[in-house]
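Numbered by the working numbering, the letters in the sequence shown go through residues 121 to 256 in order.
C-beta: ideal position from N, C-alpha, C; glycine also.
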Amino acid sequence: MVSDSQIFDWFVELGMKVEKVTSGNFYFHIVISPPVGEGVKVSVIRTNPNSTYYIVTTVVDFDSAKLKKDQSLLKNIKKDLMRMNVEFFLIPPDAETPKSVQIAKIVFMEGLTKNEMLNVVELVKNSAYLTLSWFE
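Right, here's the structure in full:
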């Protein structure tokens, strides 16, 4: 089974910016971002030492004015995220016009490979970029 330190090392090996997050209540939490420039930051979280999975996640803030102006925008974003096969949660959940969306994918530790982990991180990151593209 893969270890937390291996996950950290895999992304360092790729030249990504990898930061350990010590605040919060998570057993393991790193933030991965592009090696140069600014881009979507993706978190890899293991909630407690007994967890057998990682949560790969990011949050995308919405342009509230554009959401209010175009009622179909949120519906289209939801459809795209479903097509991408990621979980997503609107924040706040019951708001008529949400402020953001949390995008996530769960990956189990057992038999996890470098390629599989990289693919999941890229999927979450690309889902965020797809969401952001609706506001351009």
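Given residue 201 as reference, the closest of 143, 253 and 231 once Cα atoms are compared: Here the closest residue by C-alpha is 253.
Which ranges does the alpha helix (DSSP H) cover as unbroken runs of at least 4 residues, wholly within the stretch 122-197, from first to last along the chain? With a minimum length of 4 residues, the continuous alpha helix (DSSP H) runs that stay inside the stretch 122-197 are 124-133 and 184-189.
Please state the DSSP three-state secondary structure of residue 236. Helix, per DSSP.
Quick test of your reading: residue 148 and residue 175, contact by CB under 8 Å. State the CB separation rounded to the nearest angstrom. Wrong, their Cβ atoms sit about 10 Å apart, outside the cutoff.
Grouping DSSP H, G and I as helix and E and B as strand, with all else coil, what is residue 244? Three-state result, residue 244: helix.
For a test of the three-state rule: what should DSSP assign to residue 199, helix, strand or coil? Here DSSP, grouped into helix, strand and coil, assigns residue 199 to helix.
Classify residue 217 as buried or exposed, calling it buried when 16 or more other Cβ atoms lie within 10 Å of its own Cβ. With fewer than 16 Cβ atoms within 10 Å of its Cβ, residue 217 is classed as exposed.
How far does the beta strand (DSSP E) with residue 227 in it reach, from first residue to last? Here the beta strand (DSSP E) through residue 227 covers 220-228.
Beta-carbon contacts of residue 181 that lie in its chain and below 8 Å, excluding the five residues immediately before and after: Counting only Cβ-Cβ distances below 8 Å, and skipping sequence neighbours, we find 219 and 220.
Rounded to whole angstroms, what is the Cα-Cα separation between residue 237 and residue 227? The straight-line gap from Cα to Cα measures roughly 8 Å.
Between residue 210 and residue 246, what straight-line distance do the alpha-carbon atoms span, to the nearest angstrom? One C-alpha to the other measures close to 18 Å.
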